[in-house]
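Have a look at the structure below, then the notes.
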Amino acid sequence: GQSFERLAGVPPGAVVALWVDPTNGEVFAAQRVGVPGDEQTPDYHLLRGTPRAGGFRWDRQDLPKPYNTERYYMVMRDREGRCWAAGGRGLIRMAGWGRAPAEVALQPSGSPKLTLNGLYLDPQRRVWARTENGLILFDGDQRRAFDERQGLPAPWSNALLVDREGSLWVAAEGVHRLQ
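Everything in the sequence shown is counted per my numbering, starting at 3 for the first residue and increasing by one.
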């Protein structure tokens with residue numbers, strides 16, 4: 003039968019988010035040092051596992067305060083090589099592995115803050131963000147919002163996925179497809 007194998011060399015700590023780059027097999031993860039309830043301030047950081055003969059080489063990227071105290075639930079890398087992480091503070095992006103993080107505004111300054119509900123990567127390696135007010139597509143340095151004016155039935159959505167033809171599917175009040 004099948005069984006799970008624990009990867010050697012992963013630094014100790016709870017992995018809270020995981021993504022595998024489909025182009026080269028690199029593994030990206032968000033990790034927490036300290037166990038909930040241990041009265042220790044959580045310390046979140048990122049990991050990158052680079053495939054090599056016989057396993058992976060693991061690199062750790064520490065996050066500066068305040069980014070290191072919030073739980074991350076999604077990590078990924080876009081087509082420009084930028085690393086993204088979604089968590090309690092919202093969305094952060096690094097220009098590349100080892101670079102300093104910067105917060106990414108989900109909408110123009112002066113607008114009410116949006117809650118990030120999910121982060122997805124399409125086959126073109128563009129980043130899609132789910133918020134309570136619709137979807138946001140980050141394509142390079144461009145940002146495009148999708149809401150009820152573009153045919154979403156509600157400002158919220160429960161899930162996104164992209165099929166093999168590249169259509170974006172949205173689960174909300176029914177199932178909808180952007181072609």
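For glycine and all other residues, C-beta sits at the position ideal for the given N, C-alpha and C.
According to the DSSP assignment, Leu-20 belongs to the beta strand (DSSP E) that extends over 16-22. About 6 Å separates the Cβ atoms of Val-12 and Trp-60, confirming a contact at the 8 Å cut-off. Apart from the 5 residues on each side of it in sequence, Glu-175 sits with its Cβ closer than 7 Å to the Cβ of Pro-155 and Ala-156 in its chain, given in chain order.
Ranked by Cα distance from Arg-127, the options Arg-50, Phe-58, Asp-149 and Val-22 are led by Val-22. Taking C-beta atoms as the reference points, Leu-118 and Ala-88 count as a pair closer than 7 Å. Shown here, Asn-119 sits in a strand according to DSSP, grouped into three states. For Asp-165, no beta strand (DSSP E) segment is defined, and its DSSP state is neither H nor E. For Thr-133, the enclosing beta strand (DSSP E) begins and ends at 129-133.
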